[in-house]
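Peer 1: In the working numbering, the protein residues as written are 3 to 365.
Backbone N, C-alpha and C define an ideal beta-carbon position, used for all residues, glycine too.
Questions regarding the structure given below will be posed in turn.
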Amino acid sequence: MVNELALPGWLKAWMERLQRYHYLWPIVSFASGVISFFLVTRQQSLGGFLAVALLGTWVLLIGENVWSSLRQHRAKSRLPRLVATFVTQLTHQETLCFCLPFILVTTAWGTGQALFAVILVGCALLSVIDPLYFKLAERVRWLYFAFHGLCAFVLILVSAPLLLHVTTGQSFLMATLAVPILSLPSLMTLFQGRGVLDWLAMIGLAVALSGAAWMGRTWIPPATLWITSSALSPAFNRAERAPMGNIALTNTALKSNGLYAYTSVHAPRGLNETIYHVWRHDGREVDRIKLTIRGTGADGYRAWSHKLHFPADSTGRWQVDVMTATGQRIGVIRFDVNNDASSAERADGEQRHTPGIGWLNTD
3 MVNELALPGW
13 LKAWMERLQR
23 YHYLWPIVSF
33 ASGVISFFLV
43 TRQQSLGGFL
53 AVALLGTWVL
63 LIGENVWSSL
73 RQHRAKSRLP
83 RLVATFVTQL
93 THQETLCFCL
103 PFILVTTAWG
113 TGQALFAVIL
123 VGCALLSVID
133 PLYFKLAERV
143 RWLYFAFHGL
153 CAFVLILVSA
163 PLLLHVTTGQ
173 SFLMATLAVP
183 ILSLPSLMTL
193 FQGRGVLDWL
203 AMIGLAVALS
213 GAAWMGRTWI
223 PPATLWITSS
233 ALSPAFNRAE
243 RAPMGNIALT
253 NTALKSNGLY
263 AYTSVHAPRG
273 LNETIYHVWR
283 HDGREVDRIK
293 LTIRGTGADG
303 YRAWSHKLHF
313 PADSTGRWQV
323 DVMTATGQRI
333 GVIRFDVNND
343 ASSAERADGE
353 QRHTPGIGWL
363 NTD
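Below is the structure:
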């Protein structure tokens, strides 16, 4: 039987005092996340320090979990479960609330990414509701481990491009590779490591989770890339990098003039990233145009593609998916083409802000 460490009186008093006001912590955490978002978009070095602090918290948490798992057979080898769960809860709340503004802004809401964003919002709410959170921590350890791994995964997605200036694809690969490592302490608790089969099952589950994350990357927002505005136009002013002109989106007009798709993409300073404009007609890919964006300040990096060759019959539903090199969708432009100029949509060069969480849009 493992005895738990007796807490010093001063630590007990501090814990009791903190638990009285624990309901304020989620509010403070989410506020710090929103502030971090503005700091990152305006002055990224300050936002980066906050990400470093969160990563440091994760290191401490993992160290405590490893210590408890390796020494669980010894008396007085671990902190009381309530204390460990409470500290973990605070870490989960801070991580989710820090990352949530980035995920909400970068989510393409008309796609499967909305499901991931909703799941993350649900996780944030779960971390706030004490009865549910502690029941999960005590009774459903495998799900608690999944919750723990998801927090680590999202934190790396958000913080790696800001701190290391790696591309979105590289940060996603780092996150998927980190999931097995960051999850091992929780898996050790889940499987107890009693024998070879337990160890093999533990490693296999960790690798499977990493593979599942990679396979589902199209459902996960790019975290630090988003479209601030977009436009369709028949012409383009390359000197000013601005769309211009006005035509009806008819079959004849597109075959004669072609069409420009313009996107202003926000990226962290110092980041160079390859993206693609993927043109689709009635769901079928007909063109994939490679573009390179560079991290900018408040104004997004202006990128555009020009499609000249439209099919003989181009009527129907069109969309331009803005994708990362690894297949994460940054945003989408949709339009319809028909043969009646009087009722057809128009490509007028007007730059329209992307629908989404407008109160977090800093541009």
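Looking only at its chain, what residues have a beta carbon closer than 6 Å to the beta carbon of ALA162, apart from the 5 residues adjacent to it on each side?
Peer 2: VAL168, SER173, MET176.
Peer 1: Using DSSP with H/G/I as helix, E/B as strand and the rest coil, what is ALA77?
Peer 2: The predicted model places ALA77 with a pLDDT of 45, which falls under 50 and marks its position as unreliable; any figure quoted below should be read in that light. Reduced to three states, the DSSP call for ALA77 is coil.
Peer 1: Go ahead and pull the three-state DSSP assignment for GLU347.
Peer 2: If DSSP states are grouped into helix, strand and coil, GLU347 belongs with coil.
Peer 1: Determine the DSSP secondary structure at GLY318, reduced to helix, strand or coil.
Peer 2: Three-state DSSP puts GLY318 in a strand.
Peer 1: Less than 8 Å between the C-beta atoms of ALA225 and ILE105, yes or no?
Peer 2: Yes, they are a contact pair.
Peer 1: If we count the other Cβ atoms within 10 Å of its Cβ and call it buried at 16 or more, is VAL198 buried or exposed?
Peer 2: Burial call: exposed.
Peer 1: Here's a check: name, in chain order, each residue in its chain whose Cβ is nearer than 7 Å to the Cβ of GLY247, leaving out the five neighbours to either side.
Peer 2: Counting only Cβ-Cβ distances below 7 Å, and skipping sequence neighbours, we find SER235, PRO236, ALA237, GLY351.
Peer 1: What's the call for ALA249, buried or exposed, on a 16-neighbour Cβ count within 10 Å?
Peer 2: In the sequence as presented, Ala is not what sits at residue 249; that position holds Ile. Classification of ILE249: buried, given that the 10 Å Cβ count is 16 or more.
Peer 1: Report the three-state DSSP secondary structure of VAL120 (helix, strand or coil).
Peer 2: Helix.
Peer 1: Relative to the C-alpha of SER212, which candidate in THR178, LEU256, VAL160 has its C-alpha closest?
Peer 2: Comparing Cα positions, the closest option is THR178.
Peer 1: How far does the alpha helix (DSSP H) with GLU140 in it extend, from its first residue to its last?
Peer 2: Run containing GLU140: 132–141, per the alpha helix (DSSP H) assignment.
Peer 1: Could you spell out the range, first to last residue, of the beta strand (DSSP E) harbouring LEU234?
Peer 2: That run of the beta strand (DSSP E) goes 228–235.
Peer 1: Which one or two residues does DSSP pair with SER307 in a beta bridge?
Peer 2: Beta-bridge pairing links SER307 to ALA263.
Peer 1: Measure the C-alpha to C-alpha separation of THR317 and ALA343 and round it to an integer number of angstroms.
Peer 2: Their Cα atoms are separated by approximately 12 Å.
Peer 1: Please work out which residues of its chain come closer than 7 Å, Cβ to Cβ, to ASP323, disregarding the five sequence neighbours upstream and downstream, and give them in chain order.
Peer 2: The residues are VAL280, ARG282, ARG331, VAL334.
Peer 1: Going by CA-CA distance only, name the one from SER307, CYS125, VAL181 that's closest to SER232.
Peer 2: It is SER307 whose Cα lies nearest to the Cα of SER232.
Peer 1: What I want to know is whether the C-beta of PHE118 ends up closer than 7 Å to one or more non-hydrogen atoms of the ligand SAM.
Peer 2: Judged by which ligands are present, the structure shown has none, so any question about the ligand SAM falls away.
Peer 1: Hey, how far is the Cα of GLY285 from the Cα of TRP320?
Peer 2: Looking at the two C-alpha atoms, the distance is approximately 8 Å.
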